[in-house]
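Peer 1:
2 protein chains.
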Amino acid sequence: MKEIKVKKKKKLYEGKAKIVYETENEELLIQEFKDDATAFDGKKKGKIKEKGAFNNQISGRLFTFLESYHVPTHFVSQFSANAMVIKRLEMIPVEVVMRNVATGSLVKRYGVKDGTELDHPIIEFYLKDDAKHDPMINEDHVIAFGHADADEIKLIKRYAQKINAVLQSFFFRRDMVLVDFKLEFGRGKSGKIKLGDEISPDTCRLWDVQSGEKLDKDRFRQDLGKVEEAYREVHRRVFS
Amino acid sequence: MKEIKVKKKKKLYEGKAKIVYETENEELLIQEFKDDATAFDGKKKGKIKEKGAFNNQISGRLFTFLESYHVPTHFVSQFSANAMVIKRLEMIPVEVVMRNVATGSLVKRYGVKDGTELDHPIIEFYLKDDAKHDPMINEDHVIAFGHADADEIKLIKRYAQKINAVLQSFFFRRDMVLVDFKLEFGRGKSGKIKLGDEISPDTCRLWDVQSGEKLDKDRFRQDLGKVEEAYREVHRRVFS
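Here the protein sequences come in this chain order: A and B. Residue numbers for the first sequence follow numbering that gives the first Met the number 0, so the first one is 0 and each next one is one higher. Residue numbers for the second sequence follow numbering that gives the first Met the number 0, so the first one is 0 and each next one is one higher.
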């Protein structure tokens, strides 16, 4: 791993699960993962012990793995137990959701049977806008609202599909089904599209292959108990 | 116009604004337009005098016009003042919405400024499902739910774009802005995609070019008065 020494400077942004700091290098930021957990549009709040560290380390491992498949990401190196050095991206305010199995909002919105395996993955776009409750959009909206152009969307979809294929196998080899997950992309210094944000049990649904047990934030959302244990278990398997 | 003589037989389907009857020819149906008007997911109900006849005649004129541009439609011929003979289609339960100017749900959902002209038209898909309140979907959902395959969606999008271009000019020559409209497609006997349903002030937003006055169902939705007059005026201009 590259040794990048930077110092934490001014706080740039604080979200529900992460804080981003500037460094003395204007192209590099520090992304710190919090133990705070929220769900249902922020209406449910809590803390999950060590979540910040687990998510930081899981994300770092997955970003590194994806880079080896030529998916450009913002990850540079680990900074501390619960923080990583990342490249500064101009973030596109769109959440890209990939689904392999129908559950969650897909079931609620369209009445599909929970747990239905999809013949082809579904890609969805959501506008990141808390005040508007992150409404679903499509590619035409992304272009019309000026968030990305047609070529960028094409590339984002291609990356999302590749990430899905790569991570499905990665998790399956570790006895987990990658049910669905959320990605966020941004533009690097030269305008190149890169994967940003995180990939963790906060942003992925992961089910144990044998038992079907949920190993992700749904344990928190649905009060299933053993929340911290699930994050720890995913961390263990990701590093096995 | 072709002279097609058929007799009205058993009622096949009754919706909020139309009734469809079988005829003695199993490939042909009669589509009758009602004066009933509904809005807001059926919560607002009313009647608009002569709407059935206006919508029938406007739709017939527009279908004929689109056929001359090689857009296949279900229209065969007029049957009576408020009914037309149509080809039987296997309908795809998806509403295709084309938008040229931001208004209505686009403004409500995404906070775009009302009346913003869009640089490129936006296409949206909605699942026709009253119980689920016609939720927005995308192309992947249409395929995943088995409503159409990728080639059919490509064709539907191509038709929708062509229809938009043709009708924008048609209405503009008659001093109306085609703000947005809804289309429904189905499969004919040989599986060929054809345009079905209707094209009328019930399914289009039309604004007078000079005054910006609304000449469509928004007059009913928003209690703007002169509802019947708007339908009559669109009818007059469409036949001028």
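No residue lacks a Cβ here, since even glycine has one placed at the ideal position from N, Cα and C.
With DSSP run on the structure shown, which of helix, strand or coil describes Phe-170 (chain A)?
Peer 2: Of the three classes helix, strand and coil, the one that applies to Phe-170 (chain A) here is helix, per DSSP.
Peer 1: What does the Cβ neighbour count give for Thr-102 (chain B), buried or exposed, with the cut at 16 atoms within 10 Å?
Peer 2: The residue in question, Thr-102 (chain B), is buried, as its Cβ has 16 or more Cβ neighbours within 10 Å.
Peer 1: Nearest-angstrom Cα distance between Gly-51 (chain B) and Asp-179 (chain B)?
Peer 2: Going from the Cα of Gly-51 (chain B) to the Cα of Asp-179 (chain B) covers about 21 Å.
Peer 1: Is the Cβ of Ala-143 (chain A) closer than 8 Å to any Cβ of chain B?
Peer 2: Closer than 8 Å: yes.
Peer 1: With DSSP as the reference, label Ile-192 (chain A) as helix, strand or coil.
Peer 2: If DSSP states are grouped into helix, strand and coil, Ile-192 (chain A) belongs with the strands.
Peer 1: Using a 10 Å radius around the Cβ and a threshold of 16 neighbouring Cβ atoms, would you call Ala-130 (chain B) buried or exposed?
Peer 2: Result: exposed.
Peer 1: Ends of the beta strand (DSSP E) at Gly-185 (chain A)?
Peer 2: Looking at the DSSP string, the run of the beta strand (DSSP E) that includes Gly-185 (chain A) is 184-186.
Peer 1: Rounding to the nearest angstrom, what Cα-Cα distance links Arg-173 (chain B) and Val-237 (chain B) in this structure?
Peer 2: Rounded to the nearest angstrom, the two C-alpha atoms are 7 Å apart.
Peer 1: Name the DSSP beta bridge partners of Val-176 (chain A), please?
Peer 2: A:Trp-206.
Peer 1: If the cut-off is 9 Å on Cβ atoms, which residues from the region 41-59 of chain B count as contacting chain A, listed in chain order?
Peer 2: If the cut-off is 9 Å between Cβ atoms, the region 41-59 of chain B has nothing near chain A.
Peer 1: Quick check on Asn-81 (chain A) - is its C-beta less than 8 Å from some C-beta in chain B?
Peer 2: False, the Cβ-Cβ gap to chain B never drops below 8 Å.
Peer 1: Buried or exposed: which applies to Tyr-12 (chain A), given that a residue is buried once 16 or more other Cβ atoms fall within 10 Å of its Cβ?
Peer 2: Label assigned to Tyr-12 (chain A): exposed.
Peer 1: Determine whether the Cβ of Asn-163 (chain B) lies closer than 8 Å to any Cβ atom of chain A.
Peer 2: So no, Asn-163 (chain B) is outside the interface.
Peer 1: From which residue to which residue does the beta strand (DSSP E) around Leu-126 (chain A) run?
Peer 2: Unbroken beta strand (DSSP E) run through Leu-126 (chain A): 116-126.
Peer 1: Could you give the C-beta distance for Val-100 (chain A) and Lys-161 (chain A), rounded to a whole number, given that I count them as a contact under 8 Å?
Peer 2: That pair is no contact at about 19 Å.
Peer 1: Quick check: what's the CA-CA separation for Glu-81 (chain A) versus Phe-53 (chain A)?
Peer 2: Just to set this straight, residue 81 (chain A) is Asn in the shown sequence, not Glu. About 7 Å.
Peer 1: Keeping to the same chain, check which residues put their C-beta closer than 7 Å to that of Ile-47 (chain B); ignore five residues upstream and five downstream.
Peer 2: So the qualifying residues of the chain are Asp-34, Ala-36, Phe-219, Val-226, Glu-227 and Tyr-230.
Peer 1: In chain order, what residues of the region 105-120 of chain A put their CB closer than 8 Å to some CB of chain B?
Peer 2: Against chain B - using a Cβ distance shorter than 8 Å - the residues of the region 105-120 of chain A are Arg-108, Tyr-109, Gly-110, Val-111, Leu-117, Asp-118, His-119 and Pro-120.
Peer 1: Within its chain, find whatever has a CB closer than 7 Å to the CB of Gln-167 (chain B); leave out the 5 residues flanking it on each side and keep chain order.
Peer 2: Closer than 7 Å at Cβ, skipping near neighbours: Asn-99 and Leu-177.
Peer 1: Determine the burial state of Ser-239 (chain B): buried for a count of at least 16 other Cβ atoms within 10 Å of its Cβ, exposed for fewer.
Peer 2: Exposed is the call here.
Peer 1: Counting only the same chain and skipping the five closest in sequence on each side, list residues whose C-beta sits under 7 Å from that of Phe-169 (chain B).
Peer 2: Hits under 7 Å: Phe-64.
Peer 1: Would a C-beta distance cut-off of 8 Å place His-119 (chain A) and Ala-143 (chain B) closer than the cut-off?
Peer 2: Yes. Within cutoff.
Peer 1: Is it buried or exposed for Asp-196 (chain A), if we count other Cβ within 10 angstroms and need 16 for buried?
Peer 2: The residue in question, Asp-196 (chain A), is buried, as its Cβ has 16 or more Cβ neighbours within 10 Å.
Peer 1: Smallest Cα separation from Asp-139 (chain B): which of A:Ala-149, A:Val-141 and A:Glu-123?
Peer 2: Ranking the options by Cα distance to Asp-139 (chain B), first place goes to A:Glu-123.
Peer 1: Would you say Leu-126 (chain B) reaches chain A, if we count a Cβ-Cβ gap shorter than 8 Å as a contact?
Peer 2: Chain A, which has a Cβ nearer than 8 Å to the Cβ of Leu-126 (chain B), makes this yes.
Peer 1: Which one of B:Leu-214, B:Ser-104, B:Lys-188 and B:Arg-87 has the shortest CA to CA distance from Glu-23 (chain B)?
Peer 2: The candidate whose alpha carbon is nearest that of Glu-23 (chain B) is B:Arg-87.
Peer 1: Considering only C-alpha positions, which residue in the set A:Tyr-68, A:Ser-210, A:Thr-202 and A:Ile-29 is nearest to Asp-217 (chain A)?
Peer 2: The shortest C-alpha separation from Asp-217 (chain A) is found at A:Thr-202.
Peer 1: Measure from the C-beta of Ile-152 (chain A) to each C-beta in chain B and report whether the shortest distance is under 8 Å.
Peer 2: Answer no: the Cβ-Cβ gap between Ile-152 (chain A) and chain B never drops below 8 Å.
Peer 1: CB of Gly-211 (chain B) to nearest heavy atom of the ligand NAP: below 7 Å?
Peer 2: Of the ligands one can find in the structure shown there are none, so the ligand NAP has no counterpart to examine.
Peer 1: As an exercise, report each continuous alpha helix (DSSP H) stretch of at least 4 residues that is fully enclosed by the region 8-74 of chain A, in chain order.
Peer 2: Fully enclosed alpha helix (DSSP H) runs of 4 or longer: 50-66.
Peer 1: Sort out for me which residues DSSP pairs Ser-104 (chain B) with in a bridge.
Peer 2: Answer by DSSP bridge pairing: none, since Ser-104 (chain B) is not bridged.
Peer 1: Within the continuous beta strand (DSSP E) that includes Ile-85 (chain A), where are the two ends?
Peer 2: First-last of the beta strand (DSSP E) with Ile-85 (chain A): 82-86.
Peer 1: So, is His-234 (chain A) buried or exposed, given that buried needs 16 or more other C-beta atoms within 10 angstroms?
Peer 2: Buried is the call here.
Peer 1: Using the Cβ count rule (16 or more neighbours within 10 Å means buried), how would you classify Phe-78 (chain B)?
Peer 2: The residue in question, Phe-78 (chain B), is buried, as its Cβ has 16 or more Cβ neighbours within 10 Å.
Peer 1: Buried or exposed: Leu-205 (chain B), going by 16 or more other Cβ atoms within 10 Å of its Cβ?
Peer 2: Buried, since its Cβ has 16 or more Cβ neighbours within 10 Å.
Peer 1: Does DSSP put Ile-3 (chain B) in a helix, in a strand, or in coil?
Peer 2: The answer is coil: DSSP assigns Ile-3 (chain B) none of H, G, I, E or B.
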